[in-house]
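Residue numbers (our numbering): 3 to 488.
Here you go:
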């Protein structure tokens, strides 16, 4: 019997669970606004009085940098292109280890509030998408504005639990639907999803082992080692030992979440392969709807779609709140406090930081609407364009840390050159549609006009096309260019 396209929708219980999960985040913000020092000082508001607990900070590190991008984008990448991208965890491990060994030792003794205080040494000082974007932006801004760093970290910890429950539930159900782990593995083998990435050194290869290890190492070293969100969390802990231990725990959590999402991608693919109906090729779900389609079709029990959507929103909120806290901290510490706001009282300074959170919240909502227009998988967009941006950030920090001959002119110009080069490569990748490549699939079991086998291999590739092929090299290229120019 051919598989029919699902038309299931939310039950009222799903909306109840969704609203309750959002209210939890808001309540944490209100709690920290009314407890302790009541967020009256910038030390408490921006850094949690540097007395945060180890476990919530560790969980917050994971939740902030993985979020909804992982839950939706990673399974889609595995579903379409096999397990090759999973091996980026090798580069992630390198990044966490180097961060714990090198960057914590560099940042923590300086008691930094903004990561760019260091670089100043060389620079002379199933719901509508529109509603989801608005809800994440408004609620994330709300509890970040009220509760500051303490609220951000504790909400992240709660949201990470919701994320893990949602992902593991989908993984378990999809494995059962496919007939067990052995069946999942065999079906992925049959459709060439179980393949090691090539070991080529060609940086134009979409997913090569060297490209993923080096690219992921640079990307995650930029995120975990020198980003404002990471430094802010690590420096909020009471000791350097705690900061290093949080990275160890963060690496374990990172492996757990990524592995669970890899299993989701493999299991969901095997479920539809077992009935010979690839929902993506059939046009029933685009690249970023594969997991949500499966949830609505196979897990349409009242309450569960709401729980999974809560996991997605929790994941998104963790990134939103971290970004708002980081952006407001940088703007206050590096731009306003040294120049325009030297004479403000502590209360006025804290109020100014809260205004910045609200402002960046509005900007973030606008950017989210623009980002929603990008094609390809979410993980593809993030790897391509964020890699282009955060590579120069790492380059600038390394320039300030280990190159005493660096001067303010080079440090000022080189990041812009690095970003421009990385975005050029990323834009070329999208213009040439490299992100849409996928392995073979089958739609003979779908009740649709599209039948037969589908293979997304290309008969010809221009040299320009291959020049933009890599998804992991933009971070390496832009970081290297930044250091060379500086």
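Every residue, glycine too, gets a C-beta built ideally from N, C-alpha and C.
- If you draw a 10 Å sphere on the C-beta of residue 289, you find 16 or more other C-beta atoms in it, and that means buried.
- If only uninterrupted alpha helix (DSSP H) runs of at least 4 residues are considered, those enclosed by the segment 275-301 are 292-300.
- Per DSSP, the continuous alpha helix (DSSP H) segment holding residue 307 begins and ends at 306-332.
- Going by beta carbons, residue 256 and residue 94 fall inside the 8 Å limit.
- According to the DSSP assignment, residue 336 belongs to no alpha helix (DSSP H), since it is labelled neither H nor E.
- Residues of the same chain with a CB within less than 7 Å of the CB of residue 266, apart from the 5 flanking positions on each side, are 77, 169, 172, 173, 176 and 293 in chain order.
- Here the alpha carbons of residue 363 and residue 159 stand approximately 21 Å from one another.
- Secondary structure within the segment 20-75: the alpha helix (DSSP H) runs of 4 or more consecutive residues, fully enclosed, are 44-49 and 56-70 (chain order).
- Between the alpha carbons of residue 37 and residue 59 lies a distance of about 19 Å.
- Per DSSP, the beta bridge partners of residue 210 are 200.
- Contact check for residue 49 against residue 237 passes: the beta carbons are separated by less than 8 Å.
- One thing to note: residue 279 has its Cβ no nearer than 8 Å to the Cβ of residue 73.
- A Cβ-Cβ separation of about 42 Å leaves residue 242 out of contact with residue 81 under the 8 Å criterion.
- Setting aside the 5 residues that flank it on each side, residue 308 is surrounded in the same chain by 16, 19 and 20, each with a C-beta closer than 6 Å to its C-beta; the list follows chain order.
- The alpha-carbon separation between residue 367 and residue 147 amounts to approximately 15 Å.
- Nearest to residue 336 by C-alpha distance, out of 369, 230 and 253, is 230.
- For residue 5, the secondary structure class from DSSP, reduced to helix, strand or coil, is strand.
- By the Cβ neighbour-count rule, residue 86 is buried, with 16 or more other Cβ atoms within 10 Å of its own.
- When secondary structure is reduced to three states using DSSP, residue 448 falls in the strand class.
- The alpha carbon of residue 317 has as its nearest neighbour, out of 66, 32, 422 and 300, the alpha carbon of 66.
- Here DSSP, grouped into helix, strand and coil, assigns residue 443 to strand.
- Bounds of the alpha helix (DSSP H) holding residue 185 are 183-192.
- Residue 204 counts as exposed, since fewer than 16 other C-beta atoms from the protein chains shown sit within 10 angstroms of its C-beta.
- DSSP places residue 90 within a helical segment (H, G or I) once states are collapsed to three.
- Rounded to the nearest whole angstrom, the CA to CA distance from residue 442 to residue 284 is 13 Å.
- Annotation for residue 106: the continuous alpha helix (DSSP H) segment containing it runs 106-109.
- Excluding five sequence positions before and after residue 219, the CB atoms of its chain that fall closer than 7 Å to its own CB belong to 93, 96 and 97, given in chain order.
- Between residue 57 and residue 153, the gap from beta carbon to beta carbon reaches 8 Å or more.
- In this chain, residue 103 is not harboured by any alpha helix (DSSP H), its DSSP state being neither H nor E.
- By the criterion of a C-beta distance shorter than 8 Å, residue 198 is surrounded in its chain by 86, 89 and 211, once the five residues flanking it on both sides are discounted.
- Counting the other CB atoms within 10 Å of its CB gives residue 297 a total of 16 or more, which places it among the buried residues.
- Note that the C-beta distance between residue 75 and residue 194 is not below 8 Å.
- For the pair residue 23 and residue 315, the CB atoms are nearer than the 8 Å cut-off.
- Between residue 43 and residue 331, the gap from beta carbon to beta carbon reaches 8 Å or more.
- For residue 236, the enclosing alpha helix (DSSP H) begins and ends at 230-236.
- Distance from the CA of residue 142 to the CA of residue 447, rounded to the nearest whole angstrom, comes to 43 Å.
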